[in-house]
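S.K.: In this note's numbering, the protein residues as written are 10 to 173. Glycine included, C-beta positions come from ideal geometry on N, C-alpha and C. Below: one structure in structure tokens.
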């Protein structure tokens, strides 16, 4: 089975997508196209040869309050920035039929590489995620994401992504 990552389009079959989280299943089935059409987020899908969605992630512009960042990072930035520009990796999910085969890593790395490319033309300090649970948090920790203790969100600095 050959899988590729592309922008979400109408032709993609999302109806059978199931990742074990109803919230994420419903998002791709019912809400993702609407968010894309409203320019609220970009959605990228991992699809097979039949254009069946096997995974997805979303990216959108975001900002994080300066006080949410760790002191050692925040103190390096001009004090006039009360909100720091970031890219939000809003959702990331893999269909249960292909879990355990490295596709979570594949789409995460695609998201990080896209975010890095975006940051080169529109600066951003980090990629931010808001893990759905402890299992998701542990997944992101494996890739160097840092927990923001005040919000439960996590971030990965662009400098770290460049070094990956």
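Mind reading off the beta-carbon distance from residue 26 to residue 95? Whole number of angstroms is fine, and I expect it under 8 Å.
M.R.: Mapped onto the chain shown, residue 26 falls at position 17. Mapped onto the chain shown, residue 95 falls at position 86. Wrong, their Cβ atoms sit about 27 Å apart, outside the cutoff.
S.K.: So residue 63 and residue 12 are supposed to be a Cβ contact under 8 Å. How far apart are they, rounded?
M.R.: Locating residue 63 in the chain shown gives position 54, counting from the first residue. Locating residue 12 in the chain shown gives position 3, counting from the first residue. The Cβ separation is near 6 Å, so the contact holds.
S.K.: Starting from the N-terminal side, write out each stretch of the alpha helix (DSSP H) that is 4 residues or longer and does not extend beyond the region 123-153.
M.R.: Runs of the alpha helix (DSSP H) inside the region 123-153: 143-150.
S.K.: Please list the segments of the alpha helix (DSSP H) lying wholly inside the region 56-129, counting only runs of 4 or more residues, in order along the chain.
M.R.: Those alpha helix (DSSP H) runs which fall completely within the region 56-129 and span 4+ residues are 80-83.
S.K.: For the alpha helix (DSSP H) holding residue 10, just list the boundary residues, first then last.
M.R.: Start at 1 with the first residue of the chain shown, and residue 10 comes out as number 1. Taken as a continuous stretch (DSSP letters only), residue 10 belongs to no alpha helix (DSSP H), as it is neither H nor E.
S.K.: Report yes if the C-beta distance between residue 148 and residue 99 is below 8 Å; otherwise report no.
M.R.: What you label residue 148 is simply residue 139 of the chain shown in a count that begins at 1. What you label residue 99 is simply residue 90 of the chain shown in a count that begins at 1. Taking 8 Å as the Cβ cut-off, residue 148 and residue 99 do not qualify as a contacting pair.
S.K.: Just to confirm, is the Cβ distance from residue 167 to residue 135 under 8 Å?
M.R.: As a working note, residue 167 is residue 158 in the chain shown. As a working note, residue 135 is residue 126 in the chain shown. Yes, Cβ-Cβ distance for residue 167 and residue 135 is below 8 Å.
S.K.: With distance defined between alpha-carbon atoms, name the residue in 72, 46, 101 and 154 nearest to residue 90.
M.R.: Residue numbering aside, residue 90 sits at position 81 when the chain shown is read from its first letter. Comparing Cα-Cα distances from residue 90 to each of 72, 46, 101 and 154, the minimum goes to 72.
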